[in-house]
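One structure is given here, and the rest of the page talks about it.
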Amino acid sequence: MHMADALITPIVGGAMWATSTGVASYSVKKVQQDLDEKKIPLMGIMGAFVFAAQMINFTIPGTGSSGHIGGGILLAILLGPHAGFITMASILAIQALFFADGGLLALGANIFNLGFYTCYLAYPLIYKNIVKKEMTKTRIFVGSFLSAIIGLQFGAFSVVLETLFSGKTELPFNIFVLMMQPIHLAIGIVEGLLTAAVVTFVWNARPEILQSSSVKISNGVSYKKVMVILLCATVFIGGILSWYASSNPDGLEWSIENVMGTPELETSGGIYDTLSNLQEKTAFLPDYSFKIDSEAKIESNSPINGGTSLSGIVGILLTLAFATSIGLISYRY
Amino acid sequence: MANIGNSTYELRYLDELSQKDTLVHNIHPLIKLIVSLSYIVLAVSYGKYDIMGLLPLIIYPIIIFNLGDIPFLPIAKRTLIVLPLVLGLGIFNPIMDRNLVTLFGNFSLIGGWLSYITLIIKSLLTVVSALLLISTTGIEKIIQAMSQIKISKIIVMQFLLTYRYISVLLEEITNIWTAYSLRAPAQKGIHYQSWGPLLGQLLIRSYDRAQRIYNGMVLRGFNGDFYRLNNNKLLFKDITYGVLWILFFLLVRFYNIPMLLGSIMTGV
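For the protein sequence lines, the chains are P and X, in the order given. At position 245 of the first sequence the residue is numbered 245 (UniProt numbering), and the sequence of numbers has no breaks. At position 119 of the second sequence the residue is numbered 119 (UniProt numbering), and the sequence of numbers has no breaks.
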């Protein structure tokens, strides 16, 4: 479920980068606070472990689709949430660079989808709560099973939202959600069983590994502060990058249009107006995509404009010829 | 399971490509990182029907392929890996978007198909540029760039160690897989009852190995820092390289080059 660069707009990609960078700097701070030096190589090897585990694709029975584990919850359980998040981030960066899985622009989104929900949501709220009273084999099994499923559901939903906000595909919200959530429930069950099997095995063989990672619970840096910083960063980056915003109706507007009959939700006053004014002022990029819909129909009735059409075709051919000759020249060099 | 052997090979292959000594390889990693990121942002920022505007972007990979002496086919093969995802998610475009879009003069096309093709071109361009970055730069230099832009030491080290351990771990998995298939010859895949114990074993072995490696590192004086001999200074050629590309990107973004060339040639 790695997002690809082409499916994401610079605004969404940038906002997710900002968010993930914020979460990462929080987790770096936390890891530094209670850094056990021995943990560093362990984080490395666990990263490689999950990296390898992600390569094994399971077939999901009855769907013809396949999926691989995310591994975020396994990392959180074995390394603790903060180190787990950092490890997840480095795995995804390596995948993006070396295997073209996901992309550089989409990296922030992928880190958030696979790392944040598992390490900072499913792990503390579900796994922690289940094993809090006492650590038994059953509790560990149930805890890791449930948190793997729920973490993945959130991640999948997040992919749906990011794709829609980007509006690169025309996938309607409800169809996409109906596609993503059930398939990731199936994948989640497989991942949950696998994670649970591995964690209980480790618990039987080396209980100290699990205990050492789960002793400390957060203190010090306040969540509130981090959230405020994150919010500011997101707004800032979103504001700057919205220069690139295209005026074509995006996927979300499209689905709103279907539901409400108008392309935009009626909003008025306050911050919304201020922000949209700001966006109008800052949007300096000309929108020169092709004319759509009604204009197109009118134009096709008008006398044929041979000149523009010819120059378009000649231009494309010239560009390609230019590109090829540059290729040939630089090849010589 | 065959893809584990493959990925060891992939990693080594890209590592070897990044060892070459060409103009592009010798550019400062930070500059290459910035250029690649700008290229990706530029590629995805085009409107969904704007195939024509996108076309000149193809010049960037062509030049890097040639100047960096990177073989085309192996990289192209790796680029195609991501295509199924984009093909699958984009297939709704032709179905949902039935708007007629005028291409030139009186030639129209259903918008959905146009945006589908644009999406595919964008995804190929972005993936190729990321792969070209790594095959002309290599992990060490990427790490050098990361620490130069003050990314936290923990993250940088985590990134490097994960990368280094992957090949160690992949070999371990190959051993386990060979042992398993010798004992269960006629079996397809790994039986689900063995998943936990096998992965658990692998994990514990890796854990122990990590401890030993760490002890070895400490005994050799490791204290959390990596020392490098090479000079990280930005040179004139690095800045020229960066500025030239950014200028090219801006030019391509603000002028529809194919249309401009066409008008000049046909005099319209």
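Where is the CB? At the ideal position from N, CA and C, for every residue including glycine.
Buried/exposed call for residue i, threshold 16 Cβ in 10 Å
i              : result
W113 (chain X) : exposed
E191 (chain P) : buried
V314 (chain P) : buried
R183 (chain X) : exposed
Q144 (chain X) : buried
P41 (chain P)  : buried
G200 (chain X) : buried
V23 (chain P)  : buried
N6 (chain X)   : exposed
P185 (chain X) : exposed
V259 (chain P) : For V259 (chain P), the predicted model reports a pLDDT of 45, less than 50, meaning its position is unreliable; a value from the coordinates is still stated below. So V259 (chain P) ends up on the exposed side.
S147 (chain P) : buried
Y241 (chain X) : buried
V243 (chain X) : exposed
G13 (chain P)  : buried
E162 (chain P) : buried
G196 (chain X) : buried
K233 (chain X) : exposed
D21 (chain X)  : exposed
I40 (chain X)  : buried
Residue i to residue j span [Cα, whole Å]
i                     : j              : result
L23 (chain X)         : A18 (chain P)  : 33 Å
S194 (chain X)        : A179 (chain X) : 13 Å
L235 (chain X)        : I139 (chain X) : 21 Å
Q211 (chain X)        : M217 (chain X) : 10 Å
I45 (chain P)         : V35 (chain X)  : 32 Å
residue 340 (chain X) : P207 (chain P) : There is no way to answer for residue 340 (chain X), as the model of chain X reaches only from 1 to 268.
A53 (chain P)         : L198 (chain X) : 12 Å
E264 (chain P)        : P172 (chain P) : Low local confidence applies: a pLDDT of 42 at E264 (chain P) is under 50, so the model's placement there is unreliable, and no value is given.
L261 (chain X)        : Q19 (chain X)  : 39 Å
I110 (chain X)        : F322 (chain P) : 29 Å
I126 (chain P)        : L78 (chain P)  : 15 Å
G221 (chain X)        : K141 (chain X) : 23 Å
I329 (chain P)        : D69 (chain X)  : 13 Å
E280 (chain P)        : L133 (chain X) : Low local confidence applies: a pLDDT of 45 at E280 (chain P) is under 50, so the model's placement there is unreliable, with the coordinate-based value given in what follows. Spanning the two alpha carbons is a distance of roughly 35 Å.
L187 (chain P)        : T102 (chain X) : The question names Leu, but residue 187 (chain P) in the sequence shown is Ile. Their backbone Cα atoms lie some 43 Å apart in a straight line.
N223 (chain X)        : A48 (chain P)  : 22 Å
I59 (chain X)         : H191 (chain X) : 49 Å
Neighbourhood of residue i by C-beta distance below 7 Å, restricted to the same chain and skipping five residues each side
i              : result
G102 (chain P) : H2, M3, A4, L92, Q95, A96, N110
T79 (chain X)  : L124, V127, V128, L131
V31 (chain P)  : H82, A83, I86
D238 (chain X) : I27, H28, I31
G71 (chain P)  : V50, A53, Q54
R253 (chain X) : L42
S38 (chain X)  : I246, F249
K48 (chain X)  : S115, T118
A122 (chain P) : I73, S147, I150, G151
Sequence-distant residues of the same chain with beta carbon closer than 8 Å to residue i, five excluded per side
i              : result
K137 (chain P) : T200, W203, N204
I264 (chain X) : none
Y120 (chain P) : V23, P81, F85
I51 (chain X)  : L114, I117, T118, I121
P56 (chain X)  : V252, I257, P258
Cut-off 6 Å between Cβ atoms - residues of its own chain near residue i, not counting five sequence neighbours on either side
i              : result
P286 (chain P) : No answer about P286 (chain P) holds up, because its pLDDT of 31 lies below 50 and its placement is not dependable.
Y117 (chain P) : G151, F154, G155
M16 (chain P)  : G108, A109, F112
K216 (chain P) : Note on K216 (chain P): pLDDT 48, under 50, position unreliable in the model; the coordinate value appears next. These residues qualify, in order along the chain: D34.
Closer than 8 Å to chain B by CB, residue i
i             : result
I62 (chain X) : Absent from the structure is chain B; the protein chains it does hold are P and X.
Task: Touching by the beta-carbon criterion (3+ pairs, under 8 Å), the region 54-74 of chain X and the region 129-146 of chain P - done: no
- [ ] Please name the residues in the region 231-257 of chain X whose beta-carbon is closer than 9 Å to at least one beta-carbon of chain P, in chain order.
- [x] R253, F254, N256, I257
- [ ] Answer yes if the region 83-101 of chain X comes into contact with the region 161-172 of chain P, meaning at least three C-beta pairs across the two stretches below 8 Å, and no otherwise.
- [x] yes
Open item on the list: If contact is defined by three or more beta carbon pairs under 8 Å, each pair taking one atom from either stretch, is the region 158-165 of chain X in contact with the region 76-90 of chain P?
Closed with: yes
TODO: Evaluate the contact criterion for the region 110-126 of chain X versus the region 149-157 of chain X: three or more CB pairs, one atom per stretch, below 8 Å.
DONE: Contact between the region 110-126 of chain X and the region 149-157 of chain X is absent, because fewer than three Cβ pairs lie under 8 Å.
Open item on the list: Closer than 7 Å between beta carbons: that is the criterion. Which residues of the region 144-161 of chain X meet it against chain P?
Closed with: S152, I154, I155, M157, Q158, F159, L161
Open item on the list: Tell me which residues of the region 72-85 of chain X have at least one Cβ-Cβ distance to chain P shorter than 8 Å, keeping chain order.
Closed with: R78, T79, I81, V82, L85
Task: Residues, ordered as in the chain, of the region 103-117 of chain P that lie near chain X by beta-carbon distance below 7 Å - done: G103, L104, L105
TODO: Select from the region 10-21 of chain P all residues with a C-beta closer than 7 Å to any C-beta belonging to chain X, and list them in chain order.
DONE: Hits within the stretch, in order: P10.
Open item on the list: Along the region 134-161 of chain P, where does the CB come closer than 9 Å to a CB of chain X? Name the residues.
Closed with: none
Open item on the list: By the 7 Å beta-carbon criterion, what residues does the region 116-127 of chain X contribute toward chain P?
Closed with: L119, K122, S123, T126, V127
- [ ] Closer than 8 Å, Cβ to Cβ, to anything on chain X: give me those residues from the region 39-52 of chain P, in chain order.
- [x] I40, P41, L42, M43, G44, I45, M46, G47, A48, F49, F51, A52
- [ ] May I ask you to list, following chain order, the residues of the region 13-26 of chain X that have a beta carbon less than 8 Å from some beta carbon of chain P?
- [x] L14
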